[in-house]
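Everything on this sheet refers to the single structure shown next.
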């Protein structure tokens, strides 16, 4: 959509008033195609994204995807034996075990199938012009599942239960176990690197470098024991989670290959950038900016970038400083969802949640559509006081990430905090 949504909405589908970049491409004669194994797209909270593409293909089986129906194994109280103790009785982890039984080689894993479908699209359309392909693979998301051929690249000492799916909590495991999960992650990243290499090989084979833009990026990172925590979301958005990799090759500017840029850019800039490549103007409601100027000569894109999730800290960075603004009240209330599509990630909003919604009409980006204002709350585990710095996502924190990239020493500087607040409000 090219705009923030976390200030008014939690995880959810595209809204009727949202601008969809793939749909805009399609309406301007650019064929948009998506291949993905990202199972959240066919859950309740993602069900309106894929239909915006001209065509799409799904690959099943990632992260406990409700794929293979094996009633006996799902009902077996020992179906999680051999897994990490916290996961042994989880239906999603049991389902994931069943799915893995049908992935006995690397070429049968969802990631490989997803890249293969993407490469088939390229081979089928290499002589055609005006198309956009999105190869979206869930990996290297947890669980960090690979075949032995990749795990063997990282020999290490470990004799505990199967552990490639970290829990969302503080680290309680010993150093050997933490090292083990990092090696499992490294194996999965290596697998991803191999698959990306297949795309680069096809670019070489057909010399697509002459006329095809290539973008490589991801959505978020993951704590692998940094700050003594696993995972994401339950902690502040540290650099390991928020500062994501981003590469672009633009065939219009081949002389820029291998160069880096200092501009502060973010994911919402991708839709305007891709639209600009096809000479399609961005919409009024898009907050992202085309990166064409930044790619060409490091033209500044913005003074600061906003990021976060609904109900958590609101974060802002200018590239040097990161300011995390915590909630004002103990329970982070009042908090409201504003939507016309009341679904959570894996469920519909409950009748109880919807029983007290009211009409809200004061947003500029809903194209004059009133929306539902639904009372919400921050789950207790997301505002727990045992999170990093004693306040978790309720903490207000300030860091200099150039001098302190590990974010281990929060700053106390009233003048700098006022400056970052002004950037946030702007």
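Numbering (the numbering used here), first residue to last: 121 to 546.
Positions of the beta carbon are idealized from the N, C-alpha and C atoms, including for glycine.
- The alpha helix (DSSP H) runs of length 4 or more contained entirely in the segment 159-237 are, from start to end of the chain, 191-195 and 211-220.
- CA-CA distance, residue 487 to residue 481, rounds to 10 Å.
- Contact annotation, residue 169 with residue 152: C-beta distance approximately 11 Å; criterion of less than 8 Å not satisfied.
- Using a 10 angstroms sphere on the CB of residue 129, the tally of other CB atoms reaches 16 or more, which defines it as buried.
- Counting the other Cβ atoms within 10 Å of the Cβ of residue 233 gives 16 or more, which makes it buried.
- The three-state reading of DSSP puts residue 153 in strand, counting E and B together.
- Taken through DSSP and simplified to helix, strand or coil, residue 282 comes out as coil.
- Assignment of beta strand (DSSP E) within the segment 392-450, counting only whole runs of 3 or more residues, yields 425-428, 434-437 and 441-445 in chain order.
- The C-alpha of residue 315 lies about 9 Å from the C-alpha of residue 236.
- In this structure residue 472 is exposed. Its beta-carbon is surrounded by fewer than 16 other beta-carbon atoms within 10 angstroms.
- Bridge pairing for residue 366: 337 [DSSP].
- For residue 481, there is no enclosing beta strand (DSSP E), as DSSP marks it with neither H nor E.
- Around the beta-carbon of residue 272, fewer than 16 other beta-carbon atoms lie within 10 Å, marking it exposed.
- Boundaries of the alpha helix (DSSP H) around residue 540: 534-545.
- Only residues of its own chain outside the window of five on either side were considered, and among them 153 and 253 have a CB closer than 6 Å to the CB of residue 241, listed in chain order.
- As far as DSSP is concerned, residue 329 takes part in no beta bridge.
- Residue 491 is positioned such that its CB atom lies no closer than 7 Å to that of residue 443.
- In the DSSP assignment, residue 456 falls within the unbroken beta strand (DSSP E) covering 455-459.
- In the pairwise beta carbon analysis, the segment 367-378 is classified as touching the segment 331-343: at least three pairs are separated by under 8 Å.
- Assignment of beta-bridge partners to residue 344 by DSSP yields 350.
- In this structure, the straight-line span from the alpha carbon of residue 164 to that of residue 131 is close to 10 Å.
- By the criterion of a C-beta distance shorter than 7 Å, residue 283 is surrounded in its chain by 204, 297, 300 and 301, once the five residues flanking it on both sides are discounted.
- With respect to residue 217, residue 188 sits apart: the two C-beta atoms are not nearer than 7 Å.
- In this structure, residue 393 sits near residue 411, with a CB-CB distance shorter than 7 Å.
- DSSP lists 457 as the bridge partner or partners of residue 494.
- The C-beta separation of residue 351 from residue 342 comes to about 6 Å, placing the pair in contact by the 8 Å criterion.
- Residue 269 carries a helical assignment under DSSP once its states are collapsed to helix, strand and coil.
- Listed as beta-bridge partners of residue 252 by DSSP are 152.
- Here residue 135 carries a coil assignment [DSSP, helix/strand/coil].
- Taking 7 Å as the cut-off, the beta carbon of residue 146 is found no closer than this to the beta carbon of residue 246.
- The beta-carbon separation of residue 530 and residue 543, rounded to 18 Å, does not stay under the 8 Å limit for a contact.
- DSSP links residue 520 through a beta bridge to 441.
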